[in-house]
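Q: Residue numbers (the working numbering): 3 to 354. Every residue gets a Cβ at the ideal spot worked out from N, C-alpha and C, and that includes glycine. Questions regarding the structure given below will be posed in turn.
Spelled out as structure tokens, the structure:
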């Protein structure tokens, strides 16, 4: 029974809206969420309705007001504790909106507020302790990552994996970035001052290692939910969103500086094949977006007409891949020999 059939039954007075919703939930539960989606779809849920958007806006305003109230009444002496108090309030509210109501977008807002509160609190305390700026940044991001791990273990929110990875990446960048990197970025060095393996080997290598690590973590979650039914798949989605830009930043800049667009085109093909194998459009989308940004930057930061050619080529490429994703993936998987973990990847169907 399709959603259109249920809507028609409600319109005809055969079912009430509550009965139709219950029937739809039962059908999806029996058939499996993956089976209830079109064959070419990839499950993704950012919010479940406008009510979540409405509540999220309210939470942002409310958290801002509570933070301002704490700062006003606490005075300068307690100003350091305000971010920590805000993080504690976000944790408290998440017990209702995340654990009880199971709301996606409000849970993401509260997780972001918690991570931000821990980060600001750590920065403030460490800076007042007389530590140098690099140590403050490393310690702050590390404590924020620990806090987000605790959030994930308590609330099992997939988005928390993204915030954890972002905090870890911030700590890595704080360790490996040098003054020459920053000077190069704002000066003539541009983007390559950070991500070229030749220009900045420590920073670029750290970015590449982080990207590989995030990808492997994403695959760990993916192989535990090949049919994309639950939390593991959603967590993998956010891990892949972290992995793709980190990998592409280093690979694309290094190849563009070393061998031109030819090597970059080969890299794009390899990334596409990898995305097809793991059945992750999100991985390819993030990679393509960053490739476009890198190409435009390296071709003169958007000057001239080169960006028009980039838009045409990438637009046509994305449209074609998206249109025939299922067929292309089936062909790729059929050609590839058996390898460890292949049977734990999402199923693939006909090549027609």
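1. What does the alpha-carbon distance come out to for the pair residue 339 and residue 149?
2. Consult DSSP for residue 53 and reduce its assignment to one of helix, strand or coil.
3. Compute the beta-carbon to beta-carbon distance between residue 289 and residue 334, rounded to the nearest angstrom, for a pair I have assumed lies under 8 Å.
4. For the 8 Å Cβ check, are there 3 or more pairs between the region 108 to 118 and the region 160 to 178?
5. Mind checking which residues open and close the alpha helix (DSSP H) that includes residue 335?
6. Output needed for residue 171: all residues of its chain with C-beta closer than 6 Å, excluding positions within five of it in sequence on either side, in chain order.
7. For residue 350, which of helix, strand or coil comes out of DSSP?
8. If the criterion is Cβ atoms closer than 8 Å, does the pair residue 279 and residue 269 meet it?
9. Which word fits residue 153, buried or exposed, when buried means at least 16 other C-beta atoms lie within 10 angstroms of its C-beta?
10. Which residues mark the beginning and the end of the alpha helix (DSSP H) in which residue 118 is found?
11. Just to confirm before moving on: does the CB-CB distance between residue 203 and residue 346 stay below 8 Å?
12. Quick one: residues in its chain with C-beta nearer than 6 Å to the C-beta of residue 344, no 5 flanking neighbours on either side, listed in chain order?
13. Between which residues of its own chain and residue 173 is the CB-CB distance below 6 Å, once the five residues before and five after are set aside?
14. I need the DSSP call for residue 226, collapsed to helix, strand or coil.
15. Compare the Cα-Cα distances from residue 130 to each of 5, 67 and 81 and report the closest residue.
16. Measuring straight from C-alpha to C-alpha, what distance separates residue 86 and residue 265?
17. For a test of the three-state rule: what should DSSP assign to residue 18, helix, strand or coil?
18. To the nearest whole angstrom, what separates the beta carbons of residue 217 and residue 178, a pair I think is in contact under 8 Å?
19. Taking just the CA atoms, how far does residue 8 sit from residue 160?
20. Should residue 325 be labelled buried (16 or more other beta-carbon atoms within 10 Å of its own) or exposed?
21. Would you decide whether residue 135 is buried or exposed? Buried here means 16 or more other CB atoms lie within 10 Å of its CB.
22. Residue 348: buried (16+ other C-beta within 10 angstroms of its C-beta) or exposed?
23. Report all residues from its chain with a CB closer than 8 Å to the CB of residue 330; omit the five preceding and five following residues, and keep chain order.
24. For residue 178, report the span of its alpha helix (DSSP H) as first-last.
25. Leaving out the 5 sequence neighbours to the left and right, which residues in its chain are closer than 6 Å to residue 237 when beta-carbon positions are compared?
26. Compare the beta carbon distance of residue 123 and residue 138 with 8 Å and say whether it is the shorter of the two.
27. Rounding to the nearest angstrom, what Cα-Cα distance links residue 65 and residue 116 in this structure?
28. From what residue to what residue does the alpha helix (DSSP H) around residue 158 run?
29. Report the rounded CA-to-CA distance for residue 94 versus residue 243, giving the unit in angstroms.
30. To the nearest angstrom, how far is it from the Cα of residue 230 to the Cα of residue 100?
31. I'd like the list of long-range same chain contacts for residue 151, defined as Cβ closer than 7 Å, with 5 residues on each side in sequence excluded.
A: Quick answer:
1. So the two alpha carbons sit approximately 42 Å from each other.
2. If DSSP states are grouped into helix, strand and coil, residue 53 belongs with the helices.
3. Your pair residue 289 and residue 334 does not check out as a contact, with CB atoms roughly 17 Å apart and the cut at 8 Å.
4. Judged by Cβ distances under 8 Å, the region 108 to 118 makes contact with the region 160 to 178, as three or more pairs qualify.
5. From DSSP, the alpha helix (DSSP H) with residue 335 extends over 327 to 337.
6. Correct list, in chain order: 212.
7. Residue 350 falls in the coil class under three-state DSSP.
8. Not closer than 8 Å, so no.
9. Buried.
10. Element bounds for residue 118: 106 to 130.
11. At the C-beta level, residue 203 and residue 346 stay beyond 8 Å of one another.
12. Sequence-distant Cβ neighbours of residue 344 in its own chain, meaning closer than 6 Å and more than five residues away, do not exist here.
13. Excluding residues within five positions, the ones whose Cβ falls inside 6 Å are 140, 143 and 144.
14. Looking at residue 226 - three-state DSSP - the assignment turns out to be coil, as it is neither helix nor strand.
15. Cα-wise, what sits closest to residue 130 is 81.
16. Taking the CA atoms as reference points, residue 86 sits about 48 Å from residue 265.
17. Note: residue 18 maps to coil in three-state DSSP.
18. About 19 Å separates the two Cβ atoms, so there is no contact after all.
19. If you take the alpha carbons of residue 160 and residue 8, they lie about 31 Å apart.
20. By the 10 Å Cβ count, residue 325 comes out exposed.
21. It counts as exposed.
22. Residue 348 is buried by the Cβ-count criterion.
23. The beta carbon of residue 330 sits closer than 8 Å to the beta carbons of 278 and 323 from its chain, once the five residues preceding and following it are set aside; these are given in chain order.
24. That run of the alpha helix (DSSP H) goes 161 to 178.
25. 160, 163 and 223, listed in sequence order.
26. No, Cβ-Cβ distance for residue 123 and residue 138 is not below 8 Å.
27. Residue 65 and residue 116: Cα-Cα distance of roughly 10 Å.
28. Per DSSP, residue 158 belongs to no alpha helix (DSSP H) and is neither H nor E.
29. Residue 94 and residue 243: Cα-Cα distance of roughly 28 Å.
30. Rounded to the nearest whole angstrom, the CA to CA distance from residue 230 to residue 100 is 21 Å.
31. Exclusion of the five residues before and after residue 151 leaves 166 as the residues of its chain whose Cβ lies within less than 7 Å of its Cβ.
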